[in-house]
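Protein sequence lines, in the order shown, are assigned to chains A and B.
Under my numbering, the first residue of the first sequence carries the number 14, and numbering increases by one thereafter.
Under my numbering, the first residue of the second sequence carries the number 14, and numbering increases by one thereafter.
C-beta: ideal position from N, C-alpha, C; glycine also.
There are 2 protein chains.
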Amino acid sequence: MTGLNERKQKILHAIVTDYIQTAEPVGSRTISRHYQINLSAATIRNEMADLEELGYVTQPHTSAGRIPTQQGYRFYVDALMDQAALTPAEEKYLTEFFRQLQKMQEIDLIIKYTARVLSDLTNYTSLVLGPQFRRSAFKQMQIIPIDQERALVVLITDTGYIKNKVIMLPRALEQEELDHVVAYLNQQMAGKTIASLSAEQLRQLRYDLYARIDIFNHLMNMLEESAAEGESRVFLGGTSNILNQPEFKDMEKIKHLLTLFEQGDRLSFMLETDAEGVLIRIGTENNLQEMNDCSLITASYYLYDRPVGTIGVLGPTRMEYARVITIIEAIANQLNRLIAAL
Amino acid sequence: MTGLNERKQKILHAIVTDYIQTAEPVGSRTISRHYQINLSAATIRNEMADLEELGYVTQPHTSAGRIPTQQGYRFYVDALMDQAALTPAEEKYLTEFFRQLQKMQEIDLIIKYTARVLSDLTNYTSLVLGPQFRRSAFKQMQIIPIDQERALVVLITDTGYIKNKVIMLPRALEQEELDHVVAYLNQQMAGKTIASLSAEQLRQLRYDLYARIDIFNHLMNMLEESAAEGESRVFLGGTSNILNQPEFKDMEKIKHLLTLFEQGDRLSFMLETDAEGVLIRIGTENNLQEMNDCSLITASYYLYDRPVGTIGVLGPTRMEYARVITIIEAIANQLNRLIAAL
DNA sequence: ATTAGCACTCTCTTGAGGTGAGTGCTAATC
DNA sequence: GATTAGCACTCACCTCAAGAGAGTGCTAAT
Chain A
14 MTGLNERKQK ILHAIVTDYI QTAEPVGSRT ISRHYQINLS AATIRNEMAD LEELGYVTQP
74 HTSAGRIPTQ QGYRFYVDAL MDQAALTPAE EKYLTEFFRQ LQKMQEIDLI IKYTARVLSD
134 LTNYTSLVLG PQFRRSAFKQ MQIIPIDQER ALVVLITDTG YIKNKVIMLP RALEQEELDH
194 VVAYLNQQMA GKTIASLSAE QLRQLRYDLY ARIDIFNHLM NMLEESAAEG ESRVFLGGTS
254 NILNQPEFKD MEKIKHLLTL FEQGDRLSFM LETDAEGVLI RIGTENNLQE MNDCSLITAS
314 YYLYDRPVGT IGVLGPTRME YARVITIIEA IANQLNRLIA AL
Chain B
14 MTGLNERKQK ILHAIVTDYI QTAEPVGSRT ISRHYQINLS AATIRNEMAD LEELGYVTQP
74 HTSAGRIPTQ QGYRFYVDAL MDQAALTPAE EKYLTEFFRQ LQKMQEIDLI IKYTARVLSD
134 LTNYTSLVLG PQFRRSAFKQ MQIIPIDQER ALVVLITDTG YIKNKVIMLP RALEQEELDH
194 VVAYLNQQMA GKTIASLSAE QLRQLRYDLY ARIDIFNHLM NMLEESAAEG ESRVFLGGTS
254 NILNQPEFKD MEKIKHLLTL FEQGDRLSFM LETDAEGVLI RIGTENNLQE MNDCSLITAS
314 YYLYDRPVGT IGVLGPTRME YARVITIIEA IANQLNRLIA AL
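Set out below in structure tokens:
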């Protein structure tokens with residue numbers, strides 16, 4: 014049910030790849046000359062007219078070549094695209110880079126540098142979502158009293174994310190009392206994800222700690238807040254790369270994108286996904302006004318087969334899909350190895 | 014030794030303020046008509062020729078009005094500028110905003126939102142440097158073992174900055190042993206800034222802990238690293254605001270600035286200062302190629318009369334200096350109050 | 001079914017002419 | 001002696017027309 018015979022597919026493939034390279038509308042002559050299609054320009058013109066009617070390509074004006082539509086890119090990505098391979102140089106750069114990263118113990122640093130390498134290799138803007146709190150499991154919790162009224166809660170998750178939160182103490186507490194609560198919670202919650210704590214378990218915990226119900230409530234509030242606010246740990250790389258794209262010579266578009274880049278909550282909402290593997294969203298598939306001319310390629314990274322975060326590359330719809338997918342997969346793999354070691 | 018009589022000063026003042034408003038070269042007629050200077054355009058032309066020769070203004074081309082040079086802005090800022098006042102709306106917005114912020118206990122959140130309000134009010138890009146580690150004093154330290162090989166060091170400073178750092182343990186340690194080291198360090202270092210630790214004191218500490226010299230060395234290494242790397246906690250706000258300025262319609266310039274914005278280390282180097290009060294750096298005074306067309310206005314914020322961080326506004330040299338200075342001072346004051354309460 | 005040929009369309013570049021803002025200089029005026 | 005009116009001149013910018021070039025759709029021949 015593709016609706017496209019092989020010849021049309023070949024021509025569409027030529028149009029997309031040529032346009033991705035040149036950013037110029039592709040004419041029939043260009044195709045008949047530069048691509049392995051033994052047809053005259055006139056024949057190709059006829060086919061192109063068909064492709065246009067079917068919605069895969071369009072003309073910026075009557076006497077120009079064709080450019081792919083969103084539907085055209087979608088078909089290309091789903092059915093036509095060749096697989097790319099990392100160049101030896103890229104491969105070398107990547108392994109060397111992650112060998113360096115291995116020394117780092119803090120996940121936030123790792124994520125930050127991952128964003129950088131991702132944008133450096135692709136020449137697009139990269140977005141990396143740190144391990145999501147609600148997908149992470151408890152490892153350990155500690156409470157450090159700051160003064161009479163406040164204490165610092167330190168939470169270590171199995172994804173290496175370390176969460177600090179200052180809470181107000183309901184009353185002055187003995188160190189001993191704190192230690193008791195902390196020890197109990199550590200014991201009960203170790204290895205569990207926030208999301209997995211059922212209402213039943215919470216009630217049980219609350220019951221067990223009834224004597225210290227006030228502290229407990231404070232802690233739980235803190236956890237819930239963290240699960241919400243903490244999500245927006247998005248790291249960007251290569252924001253200036255979007256300026257290299259001719260489609261963003263319009264100031265207004267850039268402004269909207271830059272403004273979007275400052276809205277961590279919207280970015281993380283965009284990146285958050287349950288889907289596994291590489292996901293490609295083209296143009297309006299992003300459901301964001303500002304992204305109508307952009308494509309976003311994302312991949313999840315994992316801890317013990319559990320997806321905990323997302324890395325992504327943002328470019329124009331005229332993005333080098335094949336190349337970026339290869340790179341993003343390679344980097345996700347490296348990241349998986351690194352996180353497993355934390 | 015200003016070299017400028019009152020009339021020339023008045024004219025320069027008119028040129029600068031008009032150009033700041035309009036971004037258009039200012040002609041002699043505009044000045045004689047719109048400003049309280051009872052002179053004909055011809056006379057003003059003569060004076061402007063003088064001002065040009067003295068280096069305060071320049072012409073984009075022979076038959077255009079004048080625009081201020083860097084020297085012209087400098088003189089304006091030093092000698093001519095009127096003081097601005099907050100509008101009632103700004104004032105209200107500010108106090109309300111900081112009233113909300115008061116609830117936050119984490120300095121990083123406060124700093125982040127400060128950057129936002131600063132860019133929102135000024136319509137320029139804001140840069141805020143978090144409390145600098147080496148200007149902060151110890152409040153408390155804790156070590157939380159993660160596993161056999163690693164531990165998390167949590168450091169709380171009096172500026173509210175909470176530093177996490179994972180260190181490798183030289184060997185498996187008893188909790189008791191860790192507690193001992195931590196207790197001792199807490200006792201010895203409380204209230205001291207990193208910078209103030211003399212070699213003598215370090216030697217003393219090292220001596221006292223000779224039995225656990227390995228842990229101690231790890232901790233000190235961590236502190237030193239922190240003092241260096243941790244400095245680059247720069248928060249940006251309103252990066253898209255630079256696109257509002259007509260002088261940045263050139264893609265290349267924007268690209269350079271955006272690239273600079275991603276280099277936290279260079280930004281914090283730029284913001285770091287020992288100077289007190291408001292500091293204005295115009296064009297090449299910034300000593301950064303990318304900033305040759307920009308001005309940067311910074312102010313320190315304080316904890317107990319000790320400058321601990323910097324807030325700043327970045328705009329074109331044609332920046333509304335007076336207005337920005339007023340706003341930046343007001344925000345610095347609010348921030349001082351907030352930090353004192355941490 | 002394919003292709004060569006051709007008229008046609010549309011963008012983009014180039015150059016000429018006109019407009020307007022602003023200048024510098026000179027001579028008259030206060 | 002300082003100020004100003006007047007005037008010729010400069011230069012950016014706009015508009016318009018002409019021409020080039022790339023590419024198309026259609027038709028007729030292969």
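Straight-line Cα distance separating B:TYR69 from A:GLN347: Within the first sequence, the letter at position 334 stands for residue 347 of chain A. Within the second sequence, the letter at position 56 stands for residue 69 of chain B. About 57 Å.
Straight-line gap, A:ILE33 to B:TYR89 (C-alpha atoms, nearest Å): Here residue 33 of chain A is taken as the residue at index 20 of the first sequence, counted from 1. Here residue 89 of chain B is taken as the residue at index 76 of the second sequence, counted from 1. Cα-Cα distance, rounded: 51 Å.
Contact check, B:ASN254 vs B:THR138, beta carbons under 7 Å: Mapped onto the second sequence, residue 254 of chain B falls at position 241. Mapped onto the second sequence, residue 138 of chain B falls at position 125. Cβ atoms of B:ASN254 and B:THR138: closer than 7 Å.
Chain B within 7 Å of A:LYS125, Cβ atoms only: As a working mapping, residue 125 of chain A is identified with position 112 in the first sequence. Closer than 7 Å: no.
For B:SER308, the three-state DSSP class (helix, strand or coil): For the purposes of this step, residue 308 of chain B is taken as the residue at position 295 of the second sequence. In the structure shown, B:SER308 sits in a strand (DSSP, three-state: E or B).
As assigned by DSSP and simplified to three states, the class of A:THR206: Numbered from its first residue, the first sequence carries residue 206 of chain A at position 193. Three-state DSSP puts A:THR206 in a strand.
Straight-line gap, A:MET14 to A:MET202 (C-alpha atoms, nearest Å): In the first sequence, counting from the first residue as 1, residue 14 of chain A sits at position 1. In the first sequence, counting from the first residue as 1, residue 202 of chain A sits at position 189. With a pLDDT of 45 at A:MET14, under the threshold of 50, the modelled position of this residue cannot be trusted, and the question is left open.
Cutoff 7 Å: B:ALA288 Cβ touching any chain A Cβ: Within the second sequence, the letter at position 275 stands for residue 288 of chain B. For B:ALA288, the answer is no, since every Cβ of chain A falls outside 7 Å of its Cβ.
Whether B:GLY250 touches B:LEU131 by CB criterion (7 Å): By 1-based counting over the second sequence, the position of residue 250 of chain B is 237. By 1-based counting over the second sequence, the position of residue 131 of chain B is 118. A contact, by the Cβ cut-off of 7 Å.
For A:VAL299: DSSP bridge partner residues: For the purposes of this step, residue 299 of chain A is taken as residue 286 along the first sequence, with counting starting at 1. Just to set this straight, residue 299 of chain A is Asn in the shown sequence, not Val. Beta-bridge pairing links A:ASN299 to no other residue.
Continuous alpha helix (DSSP H) assignments of at least 4 residues falling wholly in the stretch 93 to 140 of chain B: 101 to 114 and 120 to 135
Candidates B:PHE111, B:LYS266, B:THR100 and B:ILE180, of which the one nearest B:ASN349 by Cα: Numbered from its first residue, the second sequence carries residue 349 of chain B at position 336. Closest by alpha carbon: B:PHE111.
Supposed contact pair B:GLU289 and B:SER313 - C-beta distance, whole angstroms, cut 8 Å: By 1-based counting over the second sequence, the position of residue 313 of chain B is 300. By 1-based counting over the second sequence, the position of residue 289 of chain B is 276. Confirmed, about 6 Å.
Against chain A: residues of the stretch 166 to 194 of chain B by CB proximity under 9 Å: VAL167, ILE169, GLY173, ILE175, ASN177, LYS178, VAL179, ILE180 and MET181
Distance, A:VAL247 Cα to A:LEU142 Cα: Stepping through the first sequence from its first residue, residue 142 of chain A is reached at position 129. Stepping through the first sequence from its first residue, residue 247 of chain A is reached at position 234. Their Cα atoms are separated by approximately 5 Å.
Of the residues A:MET154, A:GLU119 and A:ASN230, the one placed nearest A:LEU351, counting alpha carbons only: Sequence index remark: in the first sequence, residue 351 of chain A carries index 338 (1-based). Ranking A:MET154, A:GLU119 and A:ASN230 by Cα distance to A:LEU351 puts A:GLU119 first.
A:VAL337 - containing alpha helix (DSSP H), residue span: Numbered from 1 along the first sequence, position 324 holds the residue referred to as residue 337 of chain A. Residues 334 to 353.
A:ILE175: first and last residue of the uninterrupted beta strand (DSSP E) it sits in: Position 162 of the first sequence holds residue 175 of chain A. Per DSSP, A:ILE175 belongs to the beta strand (DSSP E) from 175 to 181.
Residue range of the unbroken beta strand (DSSP E) whose run includes B:ARG163: By 1-based counting over the second sequence, the position of residue 163 of chain B is 150. That run of the beta strand (DSSP E) goes 163 to 170.
Outcome for A:TYR174 when other beta-carbon atoms lying within 10 angstroms are tallied against a minimum of 16: Residue mapping note: residue 174 of chain A aligns to position 161 of the first sequence, counting from 1. Counting Cβ neighbours within 10 Å, A:TYR174 comes out buried, since at least 16 surround it.
Buried/exposed call for B:GLY40, threshold 16 Cβ in 10 Å: As a working mapping, residue 40 of chain B is identified with position 27 in the second sequence. That one is buried.
is_contact[A:GLN258, chain B] using C-beta, thresh 7 Å: Start at 1 with the first residue of the first sequence, and residue 258 of chain A comes out as number 245. Chain B contact via Cβ: absent.
Cβ-based burial, A:GLN153 [other Cβ within 10 Å; buried from 16]: By one-based count along the first sequence, residue 153 of chain A stands at place 140. It counts as buried.
Proximal chain A residues relative to B:MET411, where beta-carbon distance stays under 8 Å: Any question about residue 411 of chain B goes unanswered here, given that chain B covers just 14 to 355.
Segment limits, alpha helix (DSSP H) that includes A:GLN22: For the purposes of this step, residue 22 of chain A is taken as the residue at position 9 of the first sequence. 19 to 35 is the span of the alpha helix (DSSP H), which, as asked, contains A:GLN22.
Cβ neighbour criterion (16 or more within 10 Å) applied to A:TYR317: Looking up residue 317 of chain A in the first sequence gives position 304. Result: exposed.
Residue of B:VAL167, B:ASP192 and B:GLN258 minimising C-alpha distance to B:ILE180: For the purposes of this step, residue 180 of chain B is taken as the residue at position 167 of the second sequence. For the residues B:VAL167, B:ASP192 and B:GLN258, the minimum Cα distance to B:ILE180 belongs to B:VAL167.
Bridge partner(s) assigned by DSSP for A:SER313: The residue labelled residue 313 of chain A in the question sits at position 300 within the first sequence. Answer by DSSP bridge pairing, in chain order: A:THR323.
Inter-residue Cα distance where the pair is A:HIS231 and A:GLY277: One-based indexing of the first sequence puts residue 231 of chain A at position 218. One-based indexing of the first sequence puts residue 277 of chain A at position 264. Whole-angstrom Cα-Cα distance: 26 Å.
Straight-line Cα distance separating A:TYR315 from B:LYS176: Position 163 of the second sequence, counted from the start, is the residue given in the question as residue 176 of chain B. Position 302 of the first sequence, counted from the start, is the residue given in the question as residue 315 of chain A. Taking the straight line from one Cα to the other gives about 27 Å.
Buried versus exposed call for B:LYS178 [16 or more other C-beta atoms within 10 Å across all chains shown]: Your numbering for residue 178 of chain B matches position 165 in the second sequence. Burial call: buried.
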